[in-house]
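Q:
Residue numbers (mature numbering (1 follows the signal peptide of the UniProt record, and there is no 0)): -19 to -1, 1 to 58.
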């Protein structure tokens, strides 16, 4: 059930991300905002789980997608 929910979430998110028009104002907003909260959370959670700089960088680029994945796959200790 979690995998199905994750798959649906990724499909919806990819449609939102790739289905938008990008104009000059969008580009300026993205470049001026810098690193986002989703990227920071993704890097921290990736480092906590993997202890790898490479994975932390990759997950930081993915941002909120990795945060959602982490929320679905984390184990309760």
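Note that beta-carbon positions come from the ideal geometry of N, C-alpha and C, so glycine has one too.
So residue 41 is in the alpha helix (DSSP H); what residue range does that whole segment cover?
A: Residues 34 to 43.
Q: For residue 55, which of helix, strand or coil comes out of DSSP?
A: In this structure, residue 55 counts as coil in the three-state DSSP scheme.
Q: Count the other CB atoms within 10 Å of the CB of residue 33; is the residue buried (16 or more) or exposed (fewer)?
A: With fewer than 16 other Cβ atoms within 10 Å, it is exposed.
Q: Would you decide whether residue -15 is buried or exposed? Buried here means 16 or more other CB atoms lie within 10 Å of its CB.
A: That one is exposed.
Q: My assumption, with CB atoms under 8 Å, is that residue 48 sits in contact with residue 37. Please give the rounded CB distance.
A: At roughly 13 Å, the Cβ-Cβ gap does not stay under 8 Å, so residue 48 and residue 37 are not in contact.
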